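Just so you know, the sequence shown maps onto residues 1 to 399 in this note's numbering.
Where is the CB? At the ideal position from N, CA and C, for every residue including glycine.
Bear in mind the structure is a predicted one, so any value in this text is a computation, not a measurement.
Right, one structure below, let's go through it.
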Amino acid sequence: MISQNTSLDAWLGCDYTYSMLKELSVGFNVRTLIDPKIRGFNRCIIELIRALRRIAPENKIHLFSDRLLADSHLASLGGCFVHASKLKPHLLWEQLALPYECSLHALDIFHAPINVGIPRWLPSSTRRVVTLHDMFGFQSVRRANKLDRSAVSFWISWNCIKAADAIITVSEYSKRQILAEYPAWQNKVFVIHNGIHSGFSPGSPDPNVVQKYQLQAPYVLYVGGFELRKNVAVLAQAFAALKPSVCRDHCLAMVGDGSNVPQSVVQAFSGLSDVHWLGFVSDAELISLYKGATCVVVPSLGEGFGLPLLEAMACGCPVLSSNAGSLPEIGGQAVAYFEPYDATHLTSLLERLIREPQWARSLRSAGIEQARNFSWENTAKHTLALYHQIAGNRAINSI
């Protein structure tokens with residue numbers, strides 16, 4: 001059983017050396033990397049594995065999927081062993097073929113890094129780790145209260161999570177969510193924050209990106225999904241209420257998958273003329289968009305972490321965010337907050353940001369400083385410490 005204290009820093013100090021520990025063989029379920037797009041989960045998987053390779057290159061990392069991974073992801077994950085199956089459907093692969101594949105490689109750790117994807121049965125010598133980013137998906141399936149494919153997948157996944165030796169979650173907020181429903185898990189839930197790639201840094205925007213997307217700066221930026229939980233209708237209401245004398249030529253730039261936008265969101269934006277729907281963009285384009293924006297708005301009703309908020313701060317972009325979920329935990333004192341349903345307050349914050357350049361500069365500086373608290377190396381360091389802890393390697397030396 002893992003220690004009652006779920007702070008890895010408390011066990012191990014702030015810096016670790018692994019030179020006296022045995023090499024680990026770690027398997028990951030990476031089936032989402034069949035999609036070449038860098039979505040939130042995919043970004044977290046790729047950055048964690050790359051950081052693990054940097055800090056402990058002697059360990060063996062095995063990547064398992066039921067289909068071939070996207071070439072672009074394979075290129076960024078050199079040095080890993082890749083195992084792609086053809087068994088369908090994916091739940092059959094996950095619960096039957098995957099355990100067999102794992103048994104062939106004498107894994108010390110099997111890690112499912114995206115809420116689901118952990119087999120119920122694995123060799124007794126393999127410890128199970130799952131990263132449960134938040135509870136929103138499980139809660140929505142449970143609220144639907146109907147027996148369909150999603151419900152069956154949910155119950156299979158949830159029973160597998162119950163069998164995990166350790167559960168990583170990405171914020172104290174998400175930990176509270178989990179323990180509110182499953183207090184018996186107190187001893188196996190660990191908070192390890194996500195990191196930020198060094199490419200997200202301050203600087204000047206690329207004018208070619210503004211030209212490509214036909215943006216006429218200045219613009220207010222949104223990055224994320226459009227499901228109802230993201231609450232983007234409040235952004236539309238707030239933007240529509242801006243005084244023309246203040247906002248001048250500001251437009252809205254919306255980055256994210258617009259292929260399945262709820263009708264209520266479509267209606268909320270229907271009366272606005274200065275909205276640019278950019279769809280998915282590359283990392284380089286996203287970084288440039290952050291650098292050139294007047295601000296980023298994060299209006300969500302709840303997040304397990306809030307990666308766009310962290311990315312924007314790292315790029316020196318002022319952030320206006322709702323005070324829901326984990327967002328205040330990640331943004332700290334570097335972000336201006338509003339109640340998620342208070343469009344009037346958001347409007348006033350936008351107007352103040354536009355009217356007061358000095359305030360905007362202070363948010364930029366504070367955001368850059370706050371973002372320095374997060375790195376994928378630190379995420380990997382704590383994750384690796386947890387691997388060794390549950391694998392029985394307790395002789396970890398503090399530097």
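Beta-carbon gap between residue i and residue j smaller than 8 Å
i: I192; j: H62; result: no
i: E101; j: H83; result: yes
i: V281; j: L309; result: no
i: L221; j: A253; result: yes
i: P205; j: G292; result: yes
i: G304; j: L327; result: no
i: S365; j: P340; result: no
i: Y173; j: G367; result: no
i: I55; j: L384; result: yes
i: V255; j: L278; result: yes
i: P99; j: L122; result: yes
Other residues of its chain near residue i: CB distance less than 6 Å, five sequence neighbours each side excluded
i: R52; result: Inspection of the sequence shows that residue 52 is occupied by Leu rather than by Arg. Taken in chain order, the residues that qualify are A380.
i: P36; result: A70 and S72
i: C14; result: Caution is warranted here: a pLDDT of 42 is assigned to C14, below 50, making its placement in the model unreliable, and no coordinate value can be reported.
i: K175; result: T169, V189 and V191
i: Y351; result: Rather than Tyr, the amino acid found at residue 351 in this sequence is Glu. Cβ neighbours of E351 beyond the five flanking positions: V246.
i: S65; result: V30, R31 and A84
i: V261; result: F226
i: A312; result: Y290, V296 and V319
i: G392; result: none
i: K230; result: G224 and S300
i: A112; result: N29, I118 and V130
Residues of its chain near residue i, where Cβ-Cβ distance is below 8 Å and the 5 sequence neighbours each way are ignored
i: I114; result: N29, T32, F41, C44, I45, T131 and H133
i: P57; result: G79
i: Q211; result: none
i: R400; result: In the structure as shown, the chain starts at 1 and stops at 399, and residue 400 therefore has no counterpart that could be examined.
i: F81; result: K60, I61, H62, L63 and H105
i: H276; result: Y213, Q214, L215, Y219, C251, L252, A253 and M254
i: A268; result: V232, A233, A236 and Q237
Own chain partners of residue i with C-beta closer than 7 Å, once the 5 adjacent residues on each side are dropped
i: A166; result: I2, V129, K188, F190, L386 and I390
i: E47; result: G195, H197 and W376
i: E285; result: V209
i: I287; result: G199, F200 and C315
i: Q177; result: D134 and M135
i: L87; result: D66, W93 and A97
i: A163; result: R120 and R128
i: S7; result: Residue placement at S7 cannot be trusted, given a pLDDT of 48 that sits under 50; the coordinates are not used to answer.
i: T294; result: P218, Y219, V220, H250, L353 and I354
i: C160; result: I118, P119 and R120
i: V265; result: F226, V232 and A233
i: G203; result: K291
i: A360; result: P318 and L353
i: G302; result: F136, R229, A324 and G325
Residues that DSSP places opposite residue i in a beta bridge
i: L63; result: F28 and V82
i: F400; result: Not covered by the structure: residue 400. The range shown for the chain is 1 to 399.
i: R39; result: Answer is none; R39 lacks a bridge partner.
i: H111; result: F28 and V129
i: A253; result: L221 and H276
i: C295; result: V220
i: V189; result: I167
i: V116; result: I114
Integer-rounded CB distance, given that residue j should sit under 8 Å from residue i
i: Q95; j: R120; result: 6 Å
i: L107; j: G27; result: 5 Å
i: I34; j: L68; result: 7 Å
i: Y171; j: E329; result: Strictly speaking, residue 171 in this sequence is Ser, with Tyr absent from that position. The pair is a contact, with the Cβ atoms about 5 Å apart (cut-off 8 Å).
Proximity test, residue i beta-carbon vs the ligand HEM heavy atom, cut-off 7 Å
i: S321; result: Ligands in the displayed structure: none, and consequently the ligand HEM is not present.
Do three or more CB pairs link the region 237-254 to the region 341-348 at distances below 8 Å?
The answer is yes - the region 341-348 touches the region 237-254, with three or more Cβ pairs under 8 Å.
Is it a yes or a no for the region 224-235 touching the region 185-202, going by three-plus beta-carbon pairs under 8 Å?
Here the region 224-235 makes no contact with the region 185-202; the two share fewer than three CB pairs at distances below 8 Å.
Evaluate the contact criterion for the region 175-184 versus the region 203-218: three or more CB pairs, one atom per stretch, below 8 Å.
Output reads no: the region 203-218 does not touch the region 175-184.
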